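Asker: The structure's right below; bear with me while I get my questions together.
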Amino acid sequence: MRSLSSRLQHHALDEPGRRAIAEGERRIDYSSLWAQACAFAQSLESSGVSRGDRVAVILSNCIEAVVACYGCWLAEAVVVPLNAQARPRDLEPWLRHCEARCVVHAHDHADAQAACTAIGPDLIRILVGGHATGHGALSWEQAIAQSATANAPEGNDHALAMILYTSGTTGAPKGVMLSHANLAANVDSIIGYLELNKDDSIVTVLPFYYSYGQSVLHTHLASGAYLVIEQNLVFPHLMVETLAREKVSGFSGVPSTFLLLLNRVPLADYDLSSLRYLTQAGGAMAPAVAQRLHEAIPQARLFIMYGQTEATARLAWLPPERFAEKQGSVGIPIPGVELEVRTEAGTVAAALEVGEVFARGPNVMLGYWRNPEASVGVLKDGWLKTGDMGHIDADGYLFLSGRRSDMIKTGAHRVHPKDVEEVLAELPEVGEVAVLGVDDDTLGQVIKAVIVCAPSAVLNELKVKAHCRERLAAYKIPKIITFVDSLPKTASGKVRRTELSKPTVSQEAP
Amino acid sequence: MDHKKQIKRFVLENFLFTDDENALANGDSLIQKGIVDSTGMLELISHLEETCAIKVENAEMIPANFDSIDAIGAFVARKLAA
Chain A
46 MRSLSSRLQH
56 HALDEPGRRA
66 IAEGERRIDY
76 SSLWAQACAF
86 AQSLESSGVS
96 RGDRVAVILS
106 NCIEAVVACY
116 GCWLAEAVVV
126 PLNAQARPRD
136 LEPWLRHCEA
146 RCVVHAHDHA
156 DAQAACTAIG
166 PDLIRILVGG
176 HATGHGALSW
186 EQAIAQSATA
196 NAPEGNDHAL
206 AMILYTSGTT
216 GAPKGVMLSH
226 ANLAANVDSI
236 IGYLELNKDD
246 SIVTVLPFYY
256 SYGQSVLHTH
266 LASGAYLVIE
276 QNLVFPHLMV
286 ETLAREKVSG
296 FSGVPSTFLL
306 LLNRVPLADY
316 DLSSLRYLTQ
326 AGGAMAPAVA
336 QRLHEAIPQA
346 RLFIMYGQTE
356 ATARLAWLPP
366 ERFAEKQGSV
376 GIPIPGVELE
386 VRTEAGTVAA
396 ALEVGEVFAR
406 GPNVMLGYWR
416 NPEASVGVLK
426 DGWLKTGDMG
436 HIDADGYLFL
446 SGRRSDMIKT
456 GAHRVHPKDV
466 EEVLAELPEV
476 GEVAVLGVDD
486 DTLGQVIKAV
496 IVCAPSAVLN
506 ELKVKAHCRE
516 RLAAYKIPKI
526 ITFVDSLPKT
536 ASGKVRRTEL
546 SKPTVSQEAP
Chain B
5 MDHKKQIKRF
15 VLENFLFTDD
25 ENALANGDSL
35 IQKGIVDSTG
45 MLELISHLEE
55 TCAIKVENAE
65 MIPANFDSID
75 AIGAFVARKL
85 AA
């Protein structure tokens, strides 16, 4: 197995001036990227970070986030990319749970500062941007100042490389543990079916703290390709201008990304002829949207994909040539992966029979960090229990039909209802609350909160949202809030969420 | 109420969920501070088109016109004067 860092080293030595990443006006080539990663590794070691220590990276997509990731691996540390939009309520428990030795964050990220301060002075901090360090923190410039050389470590294939937290902090956090072998295997499979090579280039807007964003980053760097980082999709036409200006060959998104482009940008006005591939993951995209995308950018091959963080990123892909014939399918297993659908009795389902999807392959995680109960719950006999329901047709194509869990998919984000319910329940005016996802044309789902007020309490939507805004990342704030007299429940007292997903008029209570 | 005040009130109520004027400075970046995301920007532009009776063209949807209350206020003033 060739580790991801050894591949980066190869490109740096083989073609030093080859362009690697663009971010706004900034550019970095493979040689400089490698040199900065080596210097960062040296700084980690000088600061007292040892093999296996966890280094949390709380950054929006930027060159520094990439350097920090590869620098961690060169120092044989474990990189823990944390959601840069998260509030201290999530950041602090994550930092405690992974026992971070070091944190890299933007110098003006107040929530990261607050979380680090709560952890204590022993935490090594590296601040990106700004100049003043203070409190013993290193500036980014100091962290990459030392001229250092390194070789990509060898023989650590099954060592822990990365922890990705998939849920908030209600109960025990779930930190997906990925080894160097997991990452390399998934990268190899994806490079294979996308046919990526060093002449490829991609605009990426997917956050590196999610598995999809990580996957796009590492597959392209491992190929010697060129990445153009875009921070957000607030102005979709500017991103399309970047696609055209940079003449990139690829673009990756979640369903809401493509919907925004199709609905808000006159794509025919731009020269997008350089696009060779589009990839879509992160939830089901309606076949009609995929068809519109195909018609708008006909020469680009559209790869519908499926996976989950517990499988590093990818489990299945739909060969573009089969799209028309297999509409609605997420495709066939990626190379090296086996997929099975199992009945409730645990037997392998017959073709077309619906059951739960299980996966096996070199990309399946090591387990959840310091959460053996959760690990045992999803890893059995080498198989990963995905929690997704579906069936496989006679040709071996997987069709998904829902999830066992209540996880909400809104845009590129996953939100556990309990994380939001816990915050809402802290309002003294709230008697009971249930949070769920309801269908939305653009975001796939939006978050809805259904609240039963405490006796005699007065509460309105604005107060509820203001309370959430103080405590939750913006994407976790419910878009829809309704007040009801009681929650529908089963005989055993469990909330019937499906009944709550019906449209209701938001109203003030009482 | 002038347009800038009205725009600020909309942003405060719809994205910060408060009527506290001090919660947002007129020069604060709405994007860098994570106040407005892609769908929020669409809501904001729709609101401007409805309340100010202007049409925002694609080419005008750029950070220079929409990244702060000051920028939006100046943009609306230019559109209305044109």
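These protein sequence lines are chains A and B, in that order. Residues in the first sequence are numbered from 46 upward in steps of one, following the numbering used here. Residues in the second sequence are numbered from 5 upward in steps of one, following the numbering used here. Think of the CB as a built atom: it goes at the ideal place given N, C-alpha and C, for glycine as much as any other residue. Small disclaimer: the values here were computed from a predicted structure and weren't measured.
(1) Contact criterion: CB-CB distance below 7 Å. Does E553 (chain A) meet it with respect to chain B?
(2) Among all the DSSP beta bridges, which residues are the ones paired with Q276 (chain A)?
(3) Are there 16 or more other CB atoms within 10 angstroms of the CB of P555 (chain A), so buried, or fewer, so exposed?
(4) For P378 (chain A), name the three-state secondary structure that DSSP assigns.
(5) To the nearest angstrom, how far is the alpha carbon of N62 (chain B) from that of A331 (chain A)?
(6) G38 (chain B) CB to nearest chain A CB: under 7 Å?
(7) Check whether the Cβ atoms of Y520 (chain A) and K219 (chain A) sit closer than 7 Å, and answer yes or no.
(8) For K12 (chain B), which three-state DSSP category applies?
(9) Tell me whether K243 (chain A) sits in a helix, a strand or coil according to DSSP, three-state version.
(10) Judging by CA-CA distance, which residue of A:L507, A:G427, A:A518 is the nearest neighbour of V460 (chain A)?
(11) With distances taken from CA atoms, which of A:V279, A:K508, A:I522, A:K493 is nearest R542 (chain A)?
(12) Would L28 (chain B) and D71 (chain B) be called neighbours here (beta carbons separated by less than 7 Å)?
(13) Output yes if chain B places a C-beta closer than 7 Å to the C-beta of A511 (chain A); else output no.
(14) Does the stretch 397 to 407 of chain A come close enough to the stretch 367 to 377 of chain A that 3 or more CB-CB pairs lie under 8 Å?
(15) Do the stretch 91 to 101 of chain A and the stretch 227 to 237 of chain A make contact, defined as three or more Cβ pairs closer than 8 Å?
(16) Ordered along the chain, which non-local residues of its own chain (more than five positions away) have a Cβ less than 8 Å from that of I58 (chain B)?
(17) When you compare each of A:E286, A:E366, A:A155 to Q130 (chain A) by their alpha carbons, which one comes out closest?
(18) Let me know the beta strand (DSSP E) ranges lying completely inside the stretch 99 to 158 of chain A, each 3 residues or longer, listed in chain order.
(19) Answer with yes or no whether the minimum CB distance from V279 (chain A) to chain B is below 7 Å.
(20) Along chain B, which residues have their Cβ under 9 Å away from the Cβ of L305 (chain A)?
(21) Take V480 (chain A) as the anchor and find which of A:C513, A:L507, A:S501, A:A502 has the nearest alpha-carbon.
(22) Using a Cβ cut-off of 8 Å, which residues of the stretch 118 to 141 of chain A contact any Cβ in chain B, in chain order?
(23) Could you tell me how far apart the beta carbons of A151 (chain A) and G174 (chain A) are, in whole angstroms, since I believe they sit closer than 8 Å?
(24) How close, in whole Å, do the beta carbons of D443 (chain A) and L384 (chain A) come, if the pair is a contact with beta carbons under 8 Å?
(25) Under a Cβ-count criterion, where at least 16 other Cβ atoms within 10 Å of its own Cβ denotes burial, should A439 (chain A) be classed as buried or exposed?
(26) Which residues in the same chain have their Cβ closer than 6 Å to the Cβ of S234 (chain A), if we skip the five residues on either side of it in sequence?
(27) Run down chain A in chain order and give the residues with a C-beta less than 7 Å from the C-beta of F21 (chain B).
(28) Can you find at least 3 beta carbon pairs, one from the stretch 77 to 93 of chain A and one from the stretch 235 to 242 of chain A, that sit closer than 8 Å?
(29) Roughly how many whole angstroms lie between the Cα atoms of A470 (chain A) and V497 (chain A)?
(30) Considering only the alpha carbon of each residue, which of A:N196, A:R63, A:E467 lies closest to Y115 (chain A)?
(31) With a threshold of 8 Å, are at least 3 pairs of Cβ atoms found where one atom belongs to the stretch 262 to 271 of chain A and the other to the stretch 41 to 55 of chain B?
(32) Pull up the CB-CB distance for P126 (chain A) and V102 (chain A), whole angstroms please, since I reckon it's below 8 Å.
(33) In angstroms, rounded to a whole number, what distance separates the CA positions of A82 (chain A) and Q325 (chain A)?
(34) List the residues of chain B whose Cβ lies closer than 7 Å to the Cβ of L241 (chain A), in chain order.
(35) How would you label A356 (chain A), buried or exposed, when you count the other beta carbons within 10 angstroms and need 16 or more for buried?
(36) Please go through the same chain and pick out, in chain order, the residues whose beta-carbon is closer than 8 Å to the beta-carbon of E109 (chain A), but skip the five residues on each side of it.
Answerer: In brief:
(1) Residue confidence is low: E553 (chain A) scores 45 on pLDDT, short of 50, so the model does not pin down where it sits. Its coordinate-derived value is still stated next. So no, E553 (chain A) is outside the interface.
(2) Its beta-bridge partners do not exist; DSSP assigns none.
(3) Its pLDDT being 44, under 50, P555 (chain A) is placed unreliably in this model, and the coordinates cannot settle the point.
(4) strand
(5) 26 Å
(6) yes
(7) no
(8) helix
(9) coil
(10) A:A518
(11) A:K493
(12) no
(13) yes
(14) no
(15) no
(16) L52, V80, K83, L84
(17) A:A155
(18) 99 to 103, 123 to 126, 145 to 151
(19) yes
(20) S42, T43, L46
(21) A:C513
(22) Q130
(23) 5 Å
(24) The amino acid at residue 443 (chain A) is misidentified as Asp; the sequence shows Leu. About 6 Å; that satisfies the 8 Å criterion.
(25) exposed
(26) I379, P380, G381
(27) L507, K510, A511, R514
(28) no
(29) 10 Å
(30) A:N196
(31) no
(32) 5 Å
(33) 30 Å
(34) Within chain B, no residue comes near L241 (chain A); the closest Cβ sits about 27 Å away, beyond 7 Å.
(35) buried
(36) V149, V173, W185
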